[in-house]
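Here the sequence shown is numbered in our numbering, starting from 136 and rising by one per residue.
Okay, structure first, notes after.
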Amino acid sequence: ALFVSLYMIWCERPGWWTNILNGMNDEMRVLIHAFKHTLQSGHSMQIARNEIRDALHREHPDRFPWGNQGASVLDVSESMFKSCSLHGDVTMNCTECNATVGLIKMRSPIIYEVNMQNIPVSTNEWLNSWIDSKRTTRYCHGDNVKITFNVSPAIIIFHVQQAIVEISNELIVANSNGLRHRWRLRSIIYYGNWHFTCISIDPNGNMWYSDSKEMPNFARHIGHISTMPEEGLMNYKQLRAEMVIYAIDSI
136 ALFVSLYMIW CERPGWWTNI LNGMNDEMRV LIHAFKHTLQ SGHSMQIARN EIRDALHREH
196 PDRFPWGNQG ASVLDVSESM FKSCSLHGDV TMNCTECNAT VGLIKMRSPI IYEVNMQNIP
256 VSTNEWLNSW IDSKRTTRYC HGDNVKITFN VSPAIIIFHV QQAIVEISNE LIVANSNGLR
316 HRWRLRSIIY YGNWHFTCIS IDPNGNMWYS DSKEMPNFAR HIGHISTMPE EGLMNYKQLR
376 AEMVIYAIDS I
């Protein structure tokens with residue numbers, strides 16, 4: 136489901152996304168090669184999936200066991216997105232004295248763990264509340280630190296397994312300089328009955344359901360995102376949303 140989600144994103148701008156993803160690690164390079172082969176031939180990505188699974192097992196046999204035990208989609212995402220190259224950075228400034236409290240260099244897409252203790256109404260509100268959350272600074276008596284995206288990460292992922300939260304159609308963050316950053320909802324990965332499926336959303340808002348058991352080589356069109364209420368995206372076919380993926384969209 137994760138690979139299908141990334142494939143649908145990659146297909147929108149293959150050259151641009153290849154430049155973003157290809158330099159992350161060996162596993163991602165194998166996946167990008169499989170994307171190109173799938174696009175040209177129409178074949179499934181099963182061989183590439185097996186190669187990546189073997190590589191992940193060799194590196195972390197406890198996290199990625201063989202057999203029917205399966206693996207956490209969060210663990211797979213963190214391993215697939217590990218990177219030595221820079222993909223974004225944020226600056227933290229005190230709102231009282233404007234002192235720079237910290238600079239975070241992001242070497243992979245941001246993966247947020249949304250739990251029951253820190254959830255506003257939606258994923259967009261969660262992101263903005265994280266940016267505006269109070270953090271103590273030693274530079275003055277101010278207790279509010281503003282986070283500014285200097286270089287936006289291309290992908291933002293929410294792990295929402297235990298959360299009760301609405302899935303926003305887009306994420307919008309406004310910096311203090313007026314610059315806005317926007318990420319569009321591109322995929323929701325669902326889990327149930329020891330099985331992952333996903334709904335991918337194309338640039339036109341069309342929704343495509345993919346289940347490797349029912350439809351090994353293709354996805355089925357199930358409607359348009361505008362017809363689906365945000366609160367209705369957390370569940371599909373008695374399955375529960377596990378992970379939500381957003382991709383950058385410049386505005």
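By construction, the Cβ of each residue, glycine as well, lies at the ideal position given by its N, Cα and C atoms.
{"Check": "Is the distance from the Cβ of A136 to the Cβ of T332 below 7 Å?", "Outcome": "yes"}
{"Check": "Can you check whether the CB of N154 is closer than 7 Å to the CB of I167?", "Outcome": "no"}
{"Check": "What separation, rounded to the nearest whole angstrom, lies between the Cα atoms of G367 and L141?", "Outcome": "22 Å"}
{"Check": "Counting C-beta neighbours from all protein chains within 10 Å, is the total for R375 16 or more, i.e. buried, or is it exposed?", "Outcome": "exposed"}
{"Check": "Got a sec, what are the start and stop residues for the beta strand (DSSP E) E377 sits in?", "Outcome": "L374 to I383"}
{"Check": "Y344: which of S322, R164 and W329 sits nearest, CA to CA?", "Outcome": "S322"}
{"Check": "Taking the alpha-carbon positions, what's the I360 to F199 distance?", "Outcome": "34 Å"}
{"Check": "Could you work out which residue in I380, Y381, E162 and D346 is closest to Y371 when comparing CA atoms only?", "Outcome": "D346"}
{"Check": "Which residue from E213, A309 and I334 puts its Cα closest to that of G358?", "Outcome": "I334"}
{"Check": "In the DSSP assignment, what residue or residues form a beta bridge with V211?", "Outcome": "Partner(s): none; V211 has no beta bridge."}
{"Check": "Since I believe V308 is in contact with S257 (beta carbons under 8 Å), could you give me their beta-carbon distance rounded to a whole number of angstroms?", "Outcome": "Rounded, the Cβ-Cβ distance is 14 Å, inconsistent with contact."}
{"Check": "How many angstroms separate the CA atom of M251 from the CA atom of I302?", "Outcome": "Its pLDDT being 48, under 50, M251 is placed unreliably in this model, and the value from its coordinates should be taken loosely. If I take the Cα positions, the gap works out to 15 Å."}
{"Check": "Could you give the distance in angstroms between the alpha-carbon of L306 and the alpha-carbon of M369?", "Outcome": "16 Å"}
{"Check": "Below 7 Å CB to CB, which residues in the same chain sit around W318 once its five sequence neighbours on both sides are set aside?", "Outcome": "I291, E305, L306, Y381, A382, I383 and D384"}
{"Check": "If distances are taken between C-alpha atoms only, which option among Q297, E194 and D197 comes closest to Y326?", "Outcome": "Q297"}
{"Check": "Excluding the five sequence neighbours on either side, which residues of its own chain have a C-beta within less than 7 Å of the C-beta of N341, listed in chain order?", "Outcome": "H356 and H359"}
{"Check": "Quick one: grab the DSSP three-state call for N259.", "Outcome": "helix"}
{"Check": "Below 7 Å between beta carbons: does that hold for E147 and P288?", "Outcome": "no"}
{"Check": "I'd like to confirm the pairing. Which residues does DSSP put opposite C146 in its beta bridges?", "Outcome": "Beta-bridge pairing links C146 to no other residue."}
{"Check": "Would you kindly check if the distance between the Cβ of L174 and the Cβ of H294 is under 7 Å?", "Outcome": "no"}
{"Check": "With DSSP as the reference, please indicate the residues paired to H359 in a beta bridge.", "Outcome": "N341"}
{"Check": "Is S387 buried or exposed, if buried means 16 or more other CB atoms sit within 10 Å of its CB?", "Outcome": "In the structure as shown, the chain begins at 136 and stops at 386. Residue 387 is therefore absent and cannot be evaluated."}
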